């Protein structure tokens, strides 16, 4: 009896120790036997266009993970590898290496086909688990590929909007407890944090999805038609700086992430708008004065300038309409290097615009100390300076909106998964560049470019007044140390409607195979996108009773008539 009593006393003392003194330790050992804790990452936030249509979202795909300790406890690693090798398409030797790892959580295969996942599940192998994992999905297709960007296998942003706003879009990490049986099979799980609380934020862009699709389609068609290396179409609201479309084609442009913000090129004749704006604002030229056309040949320090259409004399309206290199260089001379350089900087060239997008270039603008005697002539007509498409469309928007340089923006709001507004985008004025009077005067001169006889006649739209400028930039050949006419960057920028500018559209075609000009390649592309935008946004044409003289000085109208009559 004594021995029996001592035996029961020992058992009782052991029970007290297990239940009271060592409770925490034994509870942990018990949990290790029937619970597995996995890290769960919340869904990546969605990206919307300005209308709320989804541009980037998520979808779940099954993946296979394993716990090697459980597999070794209940089966042979080699047998398990042999069973799953065929459905997975992974060699047995590689699977054996994975299943022998010391970690308790090993990824075997991502993105399984549903049928394959079902086959693995039906094997009922302890230690193998099918887990759904998030993958990025882009409903808009190729039209948004470059703009939105991509994510990696870990679902982190690699390019575009996905990269720039990776922190805001990335979900949060939480824990998931999986209950398993003695045989290692999972039968229940619970999340430590509700999944909806782990999701990333929602990014709403200023981009209009329908306009973006049409702009991308039109650009791709034009690039294929002229066998070009690529191109860009940018649409901006000049009053706010909001980017409404950013289409790009860089199939033959090595190293270009998104040419709309990273491509640096000589703008050619479009830059004449900057020269004319500065001269008008400084009152260095008047609308009525004539400039010597030198019959199309003008000798300058270190070389000679040519015009495709020789002229005896030209006023400022004619210089822009005929895109005269000789005429605009004389306008630049009136300004002089210091004042001209000052206005170039005012318009934002030589510096990043601040658009929230990765890979933006600041372009190329040499300081005055590096200008040669020829620089004033070259830069006046868009050579010897490097710009980006986003810089150019932003600068022309300043001309369109009354002289205010607006910072371009792409994101209108960032909201939490619960709908709480975290950040809201709004127009930001960088600085005043030119006076409103100069702005309206120049728009009137730009209308001449699109009128019959102007270089941008192919950009005209029936029922609407369009102001624009063509650009045909010859590409510099470093081997020959000269510009070649065989390789050009053709562009057209347009403002419409002129009475109340709502859109600025820049169309660029890079290095078409055949001989071309901005007015023959880029202007028609502009017109296609502009016509769709006018209908899409419901922008009305001006009433028939409205006459241009109500908006512009009578002198500008007189000059336009002279050009039409061939004077």
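Residue numbers (full-length UniProt numbering): 1 to 567. Glycine included, every Cβ here is placed at the ideal spot set by N, Cα and C. What you are looking at is a predicted structure, and each value in this text was computed from that prediction instead of being measured.
Review point. What three-state label does DSSP hand residue 85 in the structure shown?
Key: Note: residue 85 maps to helix in three-state DSSP.
Exercise for review: Identify the continuous alpha helix (DSSP H) that holds residue 221 and give its terminal residues.
Suggested key: Here the alpha helix (DSSP H) through residue 221 covers 209 to 226.
Exercise for review: Compare the C-alpha of residue 329 against each of 349, 359, 312, 298 and name the closest.
Suggested key: The shortest C-alpha to C-alpha distance from residue 329 to any of 349, 359, 312, 298 is the one to 298.
**Study point:** Three or more C-beta pairs below 8 angstroms linking the segment 281 to 300 and the segment 253 to 268
**Key:** The segment 281 to 300 makes no contact with the segment 253 to 268: fewer than 3 CB pairs, one atom from each, lie closer than 8 angstroms.
Exercise for review: Note down, in chain order, each residue of its chain lying with its Cβ closer than 7 angstroms to the Cβ of residue 362, except the 5 sequence neighbours on either side.
Suggested key: Scanning its chain for C-beta atoms nearer than 7 angstroms, with the 5 sequence neighbours on each side dropped, one finds around residue 362 the residues 350, 351, 352, in chain order.
Exercise for review: Report yes if the C-beta distance between residue 348 and residue 391 is below 9 angstroms; otherwise report no.
Suggested key: Pairing residue 348 with residue 391 gives a Cβ-Cβ distance under 9 angstroms.
Review point. What is the DSSP secondary structure of residue 440, reduced to helix, strand or coil?
Key: For residue 440, the secondary structure class from DSSP, reduced to helix, strand or coil, is helix.
**Study point:** Within 9 angstroms, strictly: CB atoms of residue 489 and residue 469
**Key:** Not closer than 9 angstroms, so no.
Review point. Residue 136: buried (16+ other C-beta within 10 angstroms of its C-beta) or exposed?
Key: So residue 136 ends up on the buried side.
Review point. Could you give the distance in angstroms between the alpha-carbon of residue 92 and the alpha-carbon of residue 82?
Key: In this structure, the CA atom of residue 92 is about 6 angstroms from the CA atom of residue 82.
Review point. If you follow the beta strand (DSSP E) that residue 414 is part of, which residue opens it and which one closes it?
Key: Start and end: 411 to 415.
Check your understanding: Terminal residues of the continuous alpha helix (DSSP H) containing residue 3?
Key -> Note, residue 3: alpha helix (DSSP H), 2 to 16.
Exercise for review: Report the residue from 381, 111, 94, 64 whose alpha carbon sits nearest the alpha carbon of residue 270.
Suggested key: Residue 381 is the option with its Cα nearest to residue 270.
Check your understanding: How long is the line joining the alpha carbons of residue 496 and residue 300, rounded to whole angstroms?
Key -> Going from the Cα of residue 496 to the Cα of residue 300 covers about 37 angstroms.
**Study point:** Alpha-carbon to alpha-carbon, residue 528 and residue 592
**Key:** With the chain covering only 1 through 567, there is no way to say anything about residue 592.
Point to revise | Pick from 433, 12, 389 that is closest to residue 265, judged by C-alpha positions | key: Of 433, 12, 389, the smallest CA-CA separation from residue 265 is found for 389.
Check your understanding: Along the chain, where does the alpha helix (DSSP H) that runs through residue 272 open and close?
Key -> Here the alpha helix (DSSP H) through residue 272 covers 272 to 281.
**Study point:** Nearest-angstrom Cα separation, counted from residue 332 out to residue 279
**Key:** If you take the alpha carbons of residue 279 and residue 332, they lie about 7 angstroms apart.
Check your understanding: residue 26: buried (16+ other C-beta within 10 angstroms of its C-beta) or exposed?
Key -> That one is exposed.
Practice item. Note the first and the last residue of the continuous beta strand (DSSP E) segment covering residue 340. Key: Not the beta strand (DSSP E): residue 340 falls in the alpha helix (DSSP H), residues 337 to 346.
Review point. Buried or exposed: which applies to residue 561, given that a residue is buried once 16 or more other Cβ atoms fall within 10 Å of its Cβ?
Key: For residue 561, the pLDDT reaches just 45, beneath the cut-off of 50, and the residue's location in the model is therefore unreliable, although a value from the coordinates is still provided. With fewer than 16 other CB atoms across the displayed protein chains lying within 10 angstroms of its CB, residue 561 is exposed.
Practice item. Give a yes or no on contact between the segment 428 to 438 and the segment 310 to 319, applying the rule of three or more CB pairs nearer than 8 angstroms. Key: Because the criterion of three Cβ pairs below 8 angstroms is not met, the segment 428 to 438 and the segment 310 to 319 do not touch.
Point to revise | Beta-carbon contacts of residue 57 that lie in its chain and below 6 angstroms, excluding the five residues immediately before and after | key: Only residues of its own chain outside the window of five on either side were considered, and among them 46, 137 have a CB closer than 6 angstroms to the CB of residue 57, listed in chain order.
Point to revise | Neighbourhood of residue 346 by C-beta distance below 6 angstroms, restricted to the same chain and skipping five residues each side | key: The beta carbon of residue 346 lies closer than 6 angstroms to those of 433 in the same chain, with the five residues before and after it left out.
Check your understanding: To which residues does DSSP link residue 125 through a beta bridge?
Key -> DSSP lists no partner for residue 125.
Review point. Given residue 210, which residues of its chain have a CB within under 7 angstroms of its CB, disregarding the five upstream and five downstream residues?
Key: Only residues of its own chain outside the window of five on either side were considered, and among them 536 have a CB closer than 7 angstroms to the CB of residue 210, listed in chain order.
**Study point:** Candidates 148, 429, 517: closest to residue 398 by CA position
**Key:** If we check each option's Cα against that of residue 398, 429 comes out closest.
Point to revise | Secondary structure of residue 509, DSSP reduced to three states | key: In the displayed model, residue 509 falls within a strand according to three-state DSSP.
Exercise for review: Counting only the same chain and skipping the five closest in sequence on each side, list residues whose C-beta sits under 7 angstroms from that of residue 12.
Suggested key: Setting aside the 5 residues that flank it on each side, residue 12 has no residue in the same chain whose C-beta is closer than 7 angstroms to its C-beta.
Review point. If you pair each beta-carbon of the segment 456 to 474 with each one of the segment 357 to 374, do three or more pairs fall below 8 angstroms?
Key: Two segments are said to touch when three or more pairs of C-beta atoms, one from each, lie closer than 8 angstroms; by this definition the segment 456 to 474 does not touch the segment 357 to 374.
Practice item. Using only alpha-carbon positions, find the residue among 228, 107, 326, 273 that is nearest to residue 305. Key: Taking only the C-alpha atoms, the option nearest residue 305 is 326.
Check your understanding: Alpha carbon to alpha carbon, what distance is there between residue 543 and residue 462?
Key -> Rounded to whole angstroms, residue 462 to residue 543 spans 13 angstroms at the Cα level.
Practice item. Check whether the Cβ atoms of residue 78 and residue 108 sit closer than 9 angstroms, and answer yes or no. Key: Pairing residue 78 with residue 108 gives a Cβ-Cβ distance that is not under 9 angstroms.
Review point. Which runs of the beta strand (DSSP E), 3 residues or longer, sit entirely within the segment 287 to 364?
Key: Qualifying beta strand (DSSP E) stretches, in chain order: 297 to 300, 303 to 306.
Review point. In three-state terms, what does DSSP make of residue 464?
Key: Correct three-state label for residue 464: coil.
Point to revise | Proximity below 9 angstroms, CB of residue 232 to CB of residue 251 | key: Against a cut-off of 9 angstroms, the Cβ pair of residue 251 and residue 232 comes out as no contact.
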